[in-house]
Amino acid sequence: MMEKKMVMEWARLLMNYKFALDEVETKLTILNEELQFVQHYNPIEHLKTRIKTPESITEKLLRKGLEVTTENAIKHIRDIAGVRVTCSFSTDVYRVYEMINRQSDVQVLEVKDYIQNPKPNGYQSLHLIIQIPVFLSDRIEHVNVEIQLRTVAMDFWASLEHKIYYHFHEDMPESIRDQLKETALMISSLDKRMMGLNEEVKRLANPLPSLL
Ligand code: 0O2
184 MMEKKMVMEW ARLLMNYKFA LDEVETKLTI LNEELQFVQH YNPIEHLKTR
234 IKTPESITEK LLRKGLEVTT ENAIKHIRDI AGVRVTCSFS TDVYRVYEMI
284 NRQSDVQVLE VKDYIQNPKP NGYQSLHLII QIPVFLSDRI EHVNVEIQLR
334 TVAMDFWASL EHKIYYHFHE DMPESIRDQL KETALMISSL DKRMMGLNEE
384 VKRLANPLPS LL
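Take the sequence shown: its letter number 5 is residue 188 in my numbering, and every next letter is one higher.
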């Protein structure tokens, strides 16, 4: 009986995160489609959402030395619901961030700018923890969602690094570590070149009239 109650508690918790994720996905899709309509330009290339599995939540709580309860999950794990937003250029990353930040029902709780300050291994992304209200039948739940924003090139690097990390964990050979750092720098410079190229094309090409 006790077990059934716990299962229901976790199912409800995950459901709330799913609702929050649906809301954030809709917000981002609206921004992208509206900009496509008024400026003939879509800042977002891909959107991917995921909910952490109960196993992964449990593992993270135990790693933090915490008891596995829904209260602790809500309080201490801010990335149960996650959205990964891939943009063409880093200017788009910050543009999407600004648009989200301006929305009155969104509270930005935390910003980690690994683009301005990459991680020591070279990882780049802009991470936001936001909180949004989810309107349920009898109450409002304020739910945290992690948004990771990055360019296509940063995403290419991060997905390869993730696979490599999976093989070696903390014992990554130095030569691989060095090559990852080197390729991260190449990604940065590629992003800058592509952005410059895009600016030049915008200057030279006949723009479609903006509807704004
Ligand atoms: P998954 O499978 O993507 O969910 P915190 O969540 O704050 O306790 P941390 O590490 O300080 O832990 O958070 P941070 O730095 O914001 O990173 C969280 C997520 O960013 C990770 O989630 C990864 O998705 C991604 N990330 C962070 N660092 C790296 C990196 O070096 N390489 C790659 N490829 N991804 C990174 P999870 O929970 O680790 O995994």
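Note that CB positions come from ideal geometry on N, CA and C, so glycine has one too. Quantities reported herein were computed from a predicted structural model and do not represent experimental measurements.
Next on the checklist: I'd like the span of the beta strand (DSSP E) that includes R233, first residue to last.
Outcome noted: Against the sequence shown, residue 233 aligns to sequence position 50. Unbroken beta strand (DSSP E) run through R233: I227 to I234.
Next on the checklist: Quick check: is any heavy atom of the ligand 0O2 less than 7 Å from the C-beta of D262?
Outcome noted: Here residue 262 is taken as the residue at index 79 of the sequence shown, counted from 1. A heavy atom of the ligand 0O2 is found nearer than 7 Å to the CB of D262.
Next on the checklist: I'd like the ranges of any beta strand (DSSP E) spanning at least 3 consecutive residues and lying wholly in the segment 214-289.
Outcome noted: Segments of the beta strand (DSSP E) lying fully in the segment 214-289: 227-234 and 264-270.
Checklist entry - Does the beta carbon of G265 fall short of 7 Å from some heavy atom of the ligand 0O2? => result To locate residue 265, count along the sequence shown from 1; it is residue 82. At least one heavy atom of the ligand 0O2 is nearer than 7 Å to the Cβ of G265, so yes.
Checklist entry - Can you tell which of Y224, R333, I359 and Q331 has the C-alpha that lies nearest to the C-alpha of E344? => result Numbered from its first residue, the sequence shown carries residue 344 at position 161. Scanning Y224, R333, I359 and Q331 for the CA closest to the CA of E344 turns up I359.
Item to check | Paired residues, beta bridge with E329 - DSSP | outcome: Residue numbering aside, residue 329 sits at position 146 when the sequence shown is read from its first letter. E329 is bridged to G265 and I312.
Checklist entry - Among the residues of its own chain, which have a CB less than 6 Å from the CB of V276, if the five just before and after it don't count? => result Within the sequence shown, residue 276 is the residue found at index 93, counting from 1. The answer, listed in chain order, is C270, L309 and L332.
Checklist entry - Between I234 and Y200, is the Cβ-Cβ spacing less than 8 Å? => result For the purposes of this step, residue 234 is identified with residue 51 of the sequence shown, where counting begins at 1. For the purposes of this step, residue 200 is identified with residue 17 of the sequence shown, where counting begins at 1. Yes, they are a contact pair.
Next on the checklist: Short of 8 Å in beta carbon distance, which residues of its chain neighbour E208, apart from the five on each side in sequence? Order them along the chain.
Outcome noted: For the purposes of this step, residue 208 is taken as residue 25 along the sequence shown, with counting starting at 1. Answer for E208: L230, T232 and V266, listed in chain order.
Item to check | Option in N304, E324 and E353 with minimal Cα separation from E365 | outcome: Start at 1 with the first residue of the sequence shown, and residue 365 comes out as number 182. E365 has its Cα closest to that of N304, out of N304, E324 and E353.
Checklist entry - Expressed to the nearest angstrom, what Euclidean distance is found between the alpha-carbon atoms of P356 and F318? => result Walking along the sequence shown from the start, residue 356 turns up at place 173. Walking along the sequence shown from the start, residue 318 turns up at place 135. Between the alpha carbons of P356 and F318 lies a distance of about 49 Å.
Item to check | I347 to S320 span [Cα, whole Å] | outcome: The count along the sequence shown starts at 1 and reaches residue 347 at position 164. The count along the sequence shown starts at 1 and reaches residue 320 at position 137. Their backbone Cα atoms lie some 45 Å apart in a straight line.
Next on the checklist: How far does the alpha helix (DSSP H) with L319 in it extend, from its first residue to its last?
Outcome noted: Against the sequence shown, residue 319 aligns to sequence position 136. Run containing L319: none; DSSP gives neither H nor E here.
Item to check | Cα-Cα separation, T241 to V328 | outcome: Taking the sequence shown and counting its residues from 1, the one referred to as residue 241 is at position 58. Taking the sequence shown and counting its residues from 1, the one referred to as residue 328 is at position 145. Each residue's Cα considered, the two are about 18 Å apart.
Checklist entry - With distances taken from CA atoms, which of N284, F272, H259 and D374 is nearest I330? => result Counting from one through the sequence shown, the residue named residue 330 turns up at place 147. Checking every option, the nearest Cα to that of I330 belongs to N284.
Checklist entry - So V341 is in the alpha helix (DSSP H); what residue range does that whole segment cover? => result By 1-based counting over the sequence shown, the position of residue 341 is 158. The sequence given here has Ala at residue 341, not Val. Unbroken alpha helix (DSSP H) run through A341: V335 to F351.
Checklist entry - Can you tell me the Cα-Cα spacing of S287 and R278, whole angstroms? => result As a position in the sequence shown, residue 287 is number 104, starting the count at 1. As a position in the sequence shown, residue 278 is number 95, starting the count at 1. Here the C-alpha atom of S287 lies approximately 17 Å from the C-alpha atom of R278.
Checklist entry - Rounded to the nearest angstrom, how far is the Cβ of S273 from that of M369, given a contact under 8 Å? => result Working through the sequence shown from its first residue, we reach residue 273 at position 90. Working through the sequence shown from its first residue, we reach residue 369 at position 186. 15 Å between Cβ atoms; not a contact.
Item to check | The alpha helix (DSSP H) enclosing G305, as first and last residue numbers | outcome: If you number the sequence shown from 1, residue 305 lands on position 122. From DSSP, G305 is part of no alpha helix (DSSP H); its letter is neither H nor E.
Checklist entry - Does the ligand 0O2 have a heavy atom nearer than 7 Å to the CB of E396? => result The structure shown has nothing for residue 396, since the chain only spans 184 to 395.
Item to check | Counterpart residues of K187 in DSSP-defined beta bridges | outcome: On the sequence shown, residue 187 is found 4 positions in, with the first residue counted as 1. K187 is not bridged to any residue.
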